[in-house]
Amino acid sequence: MPKRSLRRPRLRARLRWPALLLALLPALLGPLPTAAATPAEPPSTVIMISLDGTRPVDALGTGLLPSLEALAARGAVAERLVPPFPSNTFPSHVTLVTGVAPERHAIVNNTFYDAERGLFDKRDIPSWIEVEPLWSLLAAEGIPSASFHWVGSEGAWRSGRGPRHWRPFDKGVSEMTKVRTILGWLDLADTRDRPRFVTAWFRGADGPGHKHGPGSEPARRSLARQEPAVAALIQGIAERGLWPSTTVFVVSDHGMASASHRVDLDGALEQAGLKAWVVGIGGFAQVYLLAKDEDARRVDAARVVKIAQGLGLEARFRPDAEPELRVAHPRFGDVVVWSPRGSAMVLKREQREAGFHGYRPEHPDMGALFVAAGRGIAPGVSLASVRAVDVAPTLLALLGVARPDWMEGRVIAGLGSLGAGPPGGDGARSAASATISHPGAGDLEYRKAGVPEVQ
Ligand SMILES: [Zn+2]
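Going by this note's numbering, the first residue of the sequence shown is number 12, and it counts up by one from there.
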């Protein structure tokens, strides 16, 4: 019976490989959940990290953040996250956790003036947000959340609800400290304390990007210094066996652009004898006129618009601005001004700045970072663009919470097992068919990072 004697050894040889793979799986994926510990599907957890002022081209394909590249290779990547207008830190971060434009959530810029409350007070940011942020929404659903630095997460919103755990902003805290704290929160035994939604702000490339320009060596070094923290987060999730129930988003709030032409709008208005207060630099500023009389303000506004246009800037008397600019909130002031590509508004003391943002979201360098991987996200998804307003509804969908009607954003289509967005909605260019390939994002890195392949 020569046939049988030949077959048996082959069969045994075939069986050895699956056995070997099974033996290696814990090493590749981290501890697997045991059947006893997970009789049902464990509750989902979503973690969103923001790398401030980081363009996709800064973070992916550069080798500076190999852990992030490995995560991207096994999840979804967008060519650009479209920021809100203005594309500045405070408005954009709040858009990411509310799903509405700044004219709706009312954090219209990093600094602004409110007719009743006066100057924006950063010691109590939640009270200035006019729609319910995710931390409060989720608390109402019995889902605890946590935040280690995110604009608006410093305490309860006006509902009396907010993140279960949060930290006051302290620019001296390292990214590694943030990650260790987050992992500590994930280790909490009591499910009333253990967050299922975590937000955290990383410094990204913003500071050196402003000082030395986008893509500059100091900006690159800044990102490379954050790699160990990104790696520790990914590894920490793997060590806890949490990947099957966890989705990680790594985003940024805006990009960064260099400018060859600088204009001093504030100086020009002062020279023209206008009583006005200019707030904002770079790509966007709002102008508050000090004249009390309504007619006088209109006259002054027309002069401001003319002077700004004379400097090569775009400007609108705010009440007359096109609806698509989304500047309806009175906190935007009397005149809104934005810079075209290649120009930047500067103040005398900030002449040495080399990188700017705040521009219209279409500006090519304003595109922000979007990477998502883990539960609910198919590997190898490549999206052309994702809108910042669509992030919050997507996070809610992953947590099994319905999107409130007032949210402008929709669940991002084409990410994986999530519900599809509206037909023809943003960005689902090639769901799961076209794999973005990043140098250094091969299987080895993926295994090191402990990211599960199948979700
Ligand atoms: Zn920023």
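Using N, Cα and C, we set each Cβ at its ideal position, and we do this for glycine too. A quick note: this is a predicted structure, and the numbers were derived from the prediction, not measured.
Distance between beta carbons of residue j and residue i, contact taken as under 8 Å
i: Val88; j: Phe381; result: 7 Å
i: Leu409; j: Gly391; result: So it is not a contact: roughly 19 Å between Cβ atoms.
i: Ser164; j: Trp146; result: 6 Å
i: His160; j: Ala211; result: 6 Å
i: Ala384; j: Val259; result: 6 Å
i: Thr56; j: Thr192; result: Actually they do not touch by this definition, with Cβ atoms about 15 Å apart.
i: Ala150; j: Gly173; result: 7 Å
i: Ala473; j: Lys189; result: The structure shown does not extend to residue 473, since the chain is modelled only from 12 through 466, so no value can be given for it.
i: Pro144; j: Trp168; result: 6 Å
Pair within 9 Å by beta-carbon distance, residue i and residue j
i: Pro155; j: Thr202; result: yes
i: Val184; j: Trp196; result: no
i: Leu244; j: Ile58; result: yes
i: Phe328; j: Ala339; result: no
i: Ser263; j: Gly215; result: yes
i: His221; j: Phe367; result: yes
i: Arg91; j: Val397; result: yes
i: Ala70; j: Gly224; result: no
i: Pro372; j: Pro94; result: yes
i: Val348; j: Leu407; result: no
i: Trp288; j: Val274; result: no
i: Val346; j: Val316; result: yes
i: Ala332; j: Ser103; result: no
i: Lys286; j: Ala302; result: yes
i: Met377; j: Val400; result: no
i: Ala403; j: Gly420; result: yes
i: Leu148; j: Val412; result: yes
i: Trp213; j: Asp63; result: Contrary to the premise, residue 213 reads as Phe rather than Trp in this sequence. Yes, the pair counts as a contact, with Cβ atoms nearer than the cut-off.
i: Thr73; j: Arg231; result: yes
i: Ser393; j: His272; result: no
Residue nearest to residue i in terms of C-alpha spacing, selected from the options
i: Phe96; options: Phe343, Met418 and Leu394; result: Phe343
i: Leu322; options: Ala313, Ala312, Gly171 and Ala279; result: Ala279
i: Gln320; options: Met356, Ala399 and His160; result: Met356
i: Leu324; options: Ala81, Ala307, Ala302 and Gly293; result: Gly293
i: Leu194; options: Ala81, Glu127, Gly226 and Ala249; result: Ala249
i: His265; options: Asp277, Pro54, Ser61 and Val412; result: Ser61
i: Arg236; options: Leu75, Ser428 and Pro404; result: Leu75
i: Leu199; options: Leu148, Arg175 and Leu300; result: Arg175
i: Gly284; options: Ala296, Ile318, Pro330 and Gly291; result: Ile318
i: Tyr370; options: Lys133, Val400 and Gly291; result: Gly291
i: Arg207; options: Arg414, Ser158, Pro77 and Gly129; result: Ser158
i: Ala389; options: Asp135, Leu426 and Arg205; result: Leu426
i: Pro229; options: Ser428, Met377 and Thr65; result: Thr65
i: Pro54; options: Ser354, Arg205 and Gly171; result: Arg205
i: Glu467; options: Thr106, Leu300 and Arg414; result: With the chain represented from 12 up to 466, any question about residue 467 goes unanswered, as that position is not in the structure.
i: Ser269; options: Ser428, Pro351, Ala399 and Pro67; result: Pro351
i: Asn121; options: Arg115, Ser98, Arg128 and Val111; result: Ser98
i: Leu79; options: Glu238, Asp306 and Ser428; result: Glu238
i: Val358; options: Glu281, Gly153 and Arg308; result: Before going on, a small fix: residue 358 reads as Leu here, not Val. Among Glu281, Gly153 and Arg308, the Cα nearest to that of Leu358 belongs to Glu281.
i: Ile423; options: Trp254, Thr405 and Gly129; result: Thr405
i: Arg115; options: His374, Ser354 and Pro334; result: Pro334
i: Ser227; options: Pro255, Glu186 and Met267; result: Met267
Cross-strand partners of residue i (DSSP beta bridge)
i: Gly427; result: Ile388
i: Thr257; result: Thr56
i: Asp125; result: Gly129
i: Tyr299; result: Trp288
i: Glu325; result: Trp349
i: Leu79; result: DSSP lists no partner for Leu79.
i: Arg398; result: Val93
i: Met377; result: In the DSSP output, where bridge partners are listed per residue, Met377 has none listed.
i: Val262; result: Ser61 and Phe381
i: Ser156; result: Phe208
i: Met356; result: Val274 and Gly293
Chain C within 9 Å of residue i, Cβ atoms only
i: His176; result: The structure shown has no chain C; it contains just one protein chain.
Inset, instruction - Check each residue's C-beta against every heavy atom of ligand 1 and list, in chain order, those closer than 6 Å. - result: Asp63, Gly64, Thr100, Asp217, Asp264 and His265
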